[in-house]
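These notes are about the structure you will find just below.
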Amino acid sequence: MKVFKYFFSLAFVLLVALSCKKETYNDVSFLNSAASPDQLSVLFEITQDNSGLVTITPNGEGAGSYDIYYGDATPDPVKVLPGKNTQHTYAEGVYPVKVVGHGITGKTAEVTQQLTVSFRAPENLDASVVVDVANNFKVNVSATAIYETNFKVYFGDVPNEVPVSFLEGQTVSHVYAAVGTYDVKVVALSGGAATTEVTKTITIVDPILLPLDFESPTINYAFTNFGGGDATVISNPQSGGINTSAKVGKMVKNAPEVWGGSFITLGQPIDFSVNKVFRMKVFSPRVGAKVLLKVENATDGSISFEKETATTVANQWEDLVFDYNAINTANSYQKIVLIFELGTVGDGSANFTFLFDDIRQTNQLPVSLLDLPVTFDLPGVNYAITDFGGNQTQDAVDPDNAANKVKKTTKPSGAETWAGTTIGAGFTSPIPFSASATQMSVKVYSPAAGLPVRLKVENRNNVNVSVETEAVTTAVNAWETLIFDFANEATGTATLNLASTYDKASIFFDFNTAGNGKVFYWDDVEFLSSNVAGLALPLDFESSTLNYTFTNFDGGDVTVIANPQSGGINTSAMVGKMVKNAGQPWGGSWIALASPINFSGSTTMRMKVFSPRVGAKVLLKVENLNNGAISFEKEVLTTVANAWEDLTFDYSAINTANSYQKVVLIFDNGTMGDGTANFTFLFDDIRLN
Numbered sequence: 012m013k014v015f016k017y018f019f020s021l022a023f024v025l026l027v028a029l030s031c032k033k034e035t036y037n038d039v040s041f042l043n044s045a046a047s048p049d050q051l052s053v054l055f056e057i058t059q060d061n062s063g064l065v066t067i068t069p070n071g072e073g074a075g076s077y078d079i080y081y082g083d084a085t086p087d088p089v090k091v092l093p094g095k096n097t098q099h100t101y102a103e104g105v106y107p108v109k110v111v112g113h114g115i116t117g118k119t120a121e122v123t124q125q126l127t128v129s130f131r132a133p134e135n136l137d138a139s140v141v142v143d144v145a146n147n148f149k150v151n152v153s154a155t156a157i158y159e160t161n162f163k164v165y166f167g168d169v170p171n172e173v174p175v176s177f178l179e180g181q182t183v184s185h186v187y188a189a190v191g192t193y194d195v196k197v198v199a200l201s202g203g204a205a206t207t208e209v210t211k212t213i214t215i216v217d218p219i220l221l222p223l224d225f226e227s228p229t230i231n232y233a234f235t236n237f238g239g240g241d242a243t244v245i246s247n248p249q250s251g252g253i254n255t256s257a258k259v260g261k262m263v264k265n266a267p268e269v270w271g272g273s274f275i276t277l278g279q280p281i282d283f284s285v286n287k288v289f290r291m292k293v294f295s296p297r298v299g300a301k302v303l304l305k306v307e308n309a310t311d312g313s314i315s316f317e318k319e320t321a322t323t324v325a326n327q328w329e330d331l332v333f334d335y336n337a338i339n340t341a342n343s344y345q346k347i348v349l350i351f352e353l354g355t356v357g358d359g360s361a362n363f364t365f366l367f368d369d370i371r372q373t374n375q376l377p378v379s380l381l382d383l384p385v386t387f388d389l390p391g392v393n394y395a396i397t398d399f400g401g402n403q404t405q406d407a408v409d410p411d412n413a414a415n416k417v418k419k420t421t422k423p424s425g426a427e428t429w430a431g432t433t434i435g436a437g438f439t440s441p442i443p444f445s446a447s448a449t450q451m452s453v454k455v456y457s458p459a460a461g462l463p464v465r466l467k468v469e470n471r472n473n474v475n476v477s478v479e480t481e482a483v484t485t486a487v488n489a490w491e492t493l494i495f496d497f498a499n500e501a502t503g504t505a506t507l508n509l510a511s512t513y514d515k516a517s518i519f520f521d522f523n524t525a526g527n528g529k530v531f532y533w534d535d536v537e538f539l540s541s542n543v544a545g546l547a548l549p550l551d552f553e554s555s556t557l558n559y560t561f562t563n564f565d566g567g568d569v570t571v572i573a574n575p576q577s578g579g580i581n582t583s584a585m586v587g588k589m590v591k592n593a594g595q596p597w598g599g600s601w602i603a604l605a606s607p608i609n610f611s612g613s614t615t616m617r618m619k620v621f622s623p624r625v626g627a628k629v630l631l632k633v634e635n636l637n638n639g640a641i642s643f644e645k646e647v648l649t650t651v652a653n654a655w656e657d658l659t660f661d662y663s664a665i666n667t668a669n670s671y672q673k674v675v676l677i678f679d680n681g682t683m684g685d686g687t688a689n690f691t692f693l694f695d696d697i698r699l700n
């Protein structure tokens, strides 16, 4: 049975094999009857975001692929398969888009369809047009919108104006040349012809603010007269003395009222939080004329404060003072009222004609003007001084000479780092600075060496005109004359301007350090008619008048000696000697210069060194006078022993924006010295290359 089963299966397989016959199909005649692509069309979908992006979808019957010609400057078509699409970005305009359908036999058909791309006008345009808080003539413009590509703004102040373009998120500014009302037009562009615009009206005004000097050509100094007073602004008919300004106020007092005067309204309330003293320059026809300066609330005249003083000179300018320390600062005052000769009816004559100018605030009552030099010794002179920042100054006698009168200044605990003392109300004549005379001197008796003393000079009528510089004490509990060279101004202060007037001075002891009880005596504030030399680079130790005072630290010991190794590249008479003793591996010494080092011309330092051995490390460092964290250093190695060599220190990476006034020397930094000849070095001629 099993054998029969296998036999039957084999017979069946042979039967199937014999019945299979291979046939060849090579008839392609049906292709000749295939039709060309037909019913071609194209669908455009334009993205509604003003990007110009268009999706192009071709359709048709019998097409195996499509060529799309975009109809713009694109030279070549793009191939698209049935059911697919292509995207292309257009500028606004009309384009003939051609679609060519390709059949499987190579037959083609085409259709051209017009595409119109027009951009949507921007919507929700919001423009911000505001006057700058720091400049009344400056306007700042920004804008937002949807569907916009950018903005243009017309500021409306010139004919045939060329607009300024800007983007969303940007702010553009414009400064008007004159006060007035202007239409500022902001136009949002779509990328095509469609635009949206908005116009906002802006008014440019120049508010009347203190101080009143009547010099601005854009401010309307509008006085309101009452009771016979008549105030106008005129060209200064009495230019000279303390007032050479171009414009002044003129008050003519006419009949009928004894209280006839005038007032002017300011653009904002007066700030009495700090300055409670008014000053005003007045030119009076007579001595003893009464001048009342009053302030009032903008809307309620019963809220006011006034002070009256009398003129002390006739037919010349003087600076009158009105003490407002008793004013109620909780109230608001926005009007300034002037009344001359209150209680007397004016007659409009020259006897009732006054000039006034420079109405301003200060925080100091007047003290005497002083003549340079200020010695504190002249009888009958009011050597009043004004302390600030916590300083305490008093009259004193010279610690070394009881017959000599001096000032004693204490910088107590809690005093500010900038605590100082102003010398009188100023000087009777400007300090006569010139190109060859830029120095002043002060005698100082200091409790320690190395302390910075700053001297500031300024215009007593304009605090914005000032310059300051520093010197460093070198003596302890002994008098020395510090030289202050204003041609080398302290970092961060204005530069000495020989065209400016400087007639006031302030002194700052241990500047930039909080008060800690140090006491200084000082005397003889003088102007030097010709400059004298101060300690500066190059340091060659040859001067018989300069004090080469080094400050040693942690084992370093520097002295200036006669050159014991004269020869080779250094035959100078005097040199520096450094002995490194035990203490710290960083033991060294520093010296303070009279003014900061000027790295503007060179950033290469050089120093001659006489070393006992080859390979000794020499570190040359410069530091800020008051902040050791502000520094720069370079270290090089000696290459010869027992001979002078000129070492070079590359300072090209130094931050020249900082101030460096100390020169620091450390030999063999990292190694403890022992005070022997092996740790004794000579140095000389520290200089900028």
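Each residue of the sequence shown is one higher than the one before, starting from 12 at the first, in my numbering. Glycine residues also receive a C-beta, built at the ideal position from the N, C-alpha and C atoms. Computed from a predicted model, the values in this text were never measured in an experiment.
Go through the region 78 to 108 residue by residue and report every complete run of the beta strand (DSSP E) that reaches 3 residues or more, in order. With a minimum length of 3 residues, the continuous beta strand (DSSP E) runs that stay inside the region 78 to 108 are 89 to 91, 97 to 100.
Please state the DSSP three-state secondary structure of residue 361. Indexing the sequence shown from 1 puts residue 361 at position 350. Here residue 361 sits in helix by DSSP.
Hey, residue 732 and residue 409: beta-carbon distance below 9 Å or not? One cannot answer for residue 732 here, as it falls past the ends of the chain, which runs 12 to 700.
Got a sec? Which residues, its chain only, sit under 7 Å from residue 104 by beta carbon, not counting five neighbours each side? Taking the first residue of the sequence shown as 1, we reach residue 104 at position 93. The residues are 128.
Output needed for residue 635: all residues of its chain with C-beta closer than 8 Å, excluding positions within five of it in sequence on either side, in chain order. Numbered from 1 along the sequence shown, position 624 holds the residue referred to as residue 635. Only 641, 642, 669, 670, 671, 672, 673 meet the Cβ criterion.
Kindly indicate the opening and closing residues of the beta strand (DSSP E) around residue 698. In the sequence shown, residue 698 corresponds to position 687, counting from 1. Here the beta strand (DSSP E) through residue 698 covers 691 to 699.
Quick one, which of 342, 297, 331 has its alpha-carbon nearest residue 312's? The residue labelled residue 312 in the question sits at position 301 within the sequence shown. Between residue 312 and the set 342, 297, 331, the nearest pair of CA atoms involves 342.
Work out the CA separation of residue 687 and residue 544 for me, nearest whole Å. Within the sequence shown, residue 544 is the residue found at index 533, counting from 1. Within the sequence shown, residue 687 is the residue found at index 676, counting from 1. Near 36 Å, if we compare the C-alpha coordinates of residue 687 and residue 544.
Taking C-alpha atoms, which residue in 423, 414, 190 lies nearest to residue 400? Walking along the sequence shown from the start, residue 400 turns up at place 389. Nearest of 423, 414, 190 to residue 400, Cα basis: 423.
Own chain partners of residue 295 with C-beta closer than 7 Å, once the 5 adjacent residues on each side are dropped: Stepping through the sequence shown from its first residue, residue 295 is reached at position 284. Excluding sequence positions up to five before and after residue 295, its CB lies within less than 7 Å of the CB of 322, 325, 365, all in the same chain and listed in chain order.
With DSSP as the reference, label residue 482 as helix, strand or coil. Residue numbering aside, residue 482 sits at position 471 when the sequence shown is read from its first letter. DSSP places residue 482 in strand when its eight states are reduced to three.
Does the separation of the CB atoms of residue 2 and residue 618 fall below 9 Å? In this structure the chain extends from 12 to 700, so residue 2 is not present and cannot be described.
Relative to the C-alpha of residue 441, which residue among 464, 387, 510, 661 is closest? Taking the first residue of the sequence shown as 1, we reach residue 441 at position 430. Of the candidates 464, 387, 510, 661, the one whose C-alpha sits nearest the C-alpha of residue 441 is 510.
Measure the alpha-carbon distance for residue 245 versus residue 268 and round it to whole angstroms. One-based indexing of the sequence shown puts residue 245 at position 234. One-based indexing of the sequence shown puts residue 268 at position 257. One C-alpha to the other measures close to 24 Å.
Length-filtered (4 minimum) alpha helix (DSSP H) runs lying within the region 148 to 206: You should have found no qualifying run.
Output the distance between the C-alpha atoms of residue 163 and residue 102, rounded to the nearest integer angstrom. Taking the first residue of the sequence shown as 1, we reach residue 163 at position 152. Taking the first residue of the sequence shown as 1, we reach residue 102 at position 91. The straight-line gap from Cα to Cα measures roughly 20 Å.
Could you check the C-alpha separation between residue 695 and residue 604 for me, to the nearest Å? Here residue 695 is taken as the residue at index 684 of the sequence shown, counted from 1. Here residue 604 is taken as the residue at index 593 of the sequence shown, counted from 1. Rounded to whole angstroms, residue 695 and residue 604 show a C-alpha spacing of 16 Å.
Excluding sequence positions up to five away, which residues of its chain have a Cβ less than 7 Å from the Cβ of residue 482? For the purposes of this step, residue 482 is taken as the residue at position 471 of the sequence shown. Within the same chain, Cβ atoms closer than 7 Å to the Cβ of residue 482 are found at 464, 493, 494, 495, 605, the five residues on either side in sequence being excluded.
Limits of the beta strand (DSSP E) - the one that residue 683 falls within: Position 672 of the sequence shown holds residue 683. Where residue 683 is concerned, there is no enclosing beta strand (DSSP E), given that its DSSP letter is neither H nor E.
How many Å lie between residue 332 and residue 436 at the Cα? Indexing the sequence shown from 1 puts residue 332 at position 321. Indexing the sequence shown from 1 puts residue 436 at position 425. Roughly 13 Å between the two C-alpha positions.
Assigned exposure category for residue 405 - 16 Cβ within 10 Å defines buried: Sequence index remark: in the sequence shown, residue 405 carries index 394 (1-based). So residue 405 counts as exposed.
Residue 292 and residue 270: beta carbons closer than 9 Å? The sequence position of residue 292 within the sequence shown is 281, counting from 1. The sequence position of residue 270 within the sequence shown is 259, counting from 1. No, the Cβ-Cβ distance between residue 292 and residue 270 is not below 9 Å.
Tell me the residue span of the beta strand (DSSP E) that contains residue 135. On the sequence shown, residue 135 is found 124 positions in, with the first residue counted as 1. Annotation for residue 135: the continuous beta strand (DSSP E) segment containing it runs 134 to 142.
Alpha carbon to alpha carbon, what distance is there between residue 147 and residue 133? Within the sequence shown, residue 133 is the residue found at index 122, counting from 1. Within the sequence shown, residue 147 is the residue found at index 136, counting from 1. Each residue's Cα considered, the two are about 32 Å apart.
Judging by CA-CA distance, which residue of 157, 193, 387, 189 is the nearest neighbour of residue 178? Within the sequence shown, numbered from 1, the residue matching residue 178 stands at position 167. Closest option to residue 178, Cα to Cα, is 157.
Determine the direct distance from the alpha carbon of residue 266 to that of residue 358, and round the result to whole angstroms. As a position in the sequence shown, residue 358 is number 347, starting the count at 1. As a position in the sequence shown, residue 266 is number 255, starting the count at 1. Separation of residue 358 and residue 266 (C-alpha to C-alpha, rounded to the nearest whole angstrom) is 6 Å.
Give the DSSP-derived three-state secondary structure of residue 395 in the structure shown. Along the sequence shown, one-based indexing puts residue 395 at 384. Coil at residue 395, not helix or strand.
Determine contact between the region 206 to 223 and the region 367 to 375, defined as no fewer than three beta-carbon pairs at a distance below 8 Å. In the pairwise beta carbon analysis, the region 206 to 223 is classified as touching the region 367 to 375: at least three pairs are separated by under 8 Å.
Residue 429, enclosing beta strand (DSSP E) - first and last residue: Within the sequence shown, residue 429 is the residue found at index 418, counting from 1. Counting along the chain, residue 429 sits inside no beta strand (DSSP E), nor does DSSP assign it H or E at all.
Rounded C-beta distance between residue 700 and residue 613? I'm assuming under 8 Å. What you label residue 700 is simply residue 689 of the sequence shown in a count that begins at 1. What you label residue 613 is simply residue 602 of the sequence shown in a count that begins at 1. Indeed they touch by this definition, with Cβ atoms about 5 Å apart.
I need the straight-line Cα distance from residue 651 to residue 697, nearest angstrom please. On the sequence shown, position 640 is the one that residue 651 refers to. On the sequence shown, position 686 is the one that residue 697 refers to. One Cα belongs to residue 651, the other to residue 697, and the distance between them is close to 19 Å.
Buried or exposed, going by whether 16 or more other CB atoms sit within 10 Å of the CB of residue 69? Your numbering for residue 69 matches position 58 in the sequence shown. Residue environment for residue 69: buried (at least 16 other C-beta atoms within 10 angstroms of its C-beta).
Going along the chain, which residues of its own chain have a beta-carbon closer than 6 Å to the beta-carbon of residue 383, five neighbours each way excluded? Locating residue 383 in the sequence shown gives position 372, counting from the first residue. Cβ within range, chain order: 438, 538.
Quick one: is residue 297 buried, meaning 16 or more other Cβ sit within 10 Å of its Cβ, or exposed? Residue mapping note: residue 297 aligns to position 286 of the sequence shown, counting from 1. Exposed, since its Cβ has fewer than 16 Cβ neighbours within 10 Å.
Pick helix, strand or coil for residue 662, following the three-state DSSP scheme. On the sequence shown, residue 662 is found 651 positions in, with the first residue counted as 1. Correct three-state label for residue 662: coil.
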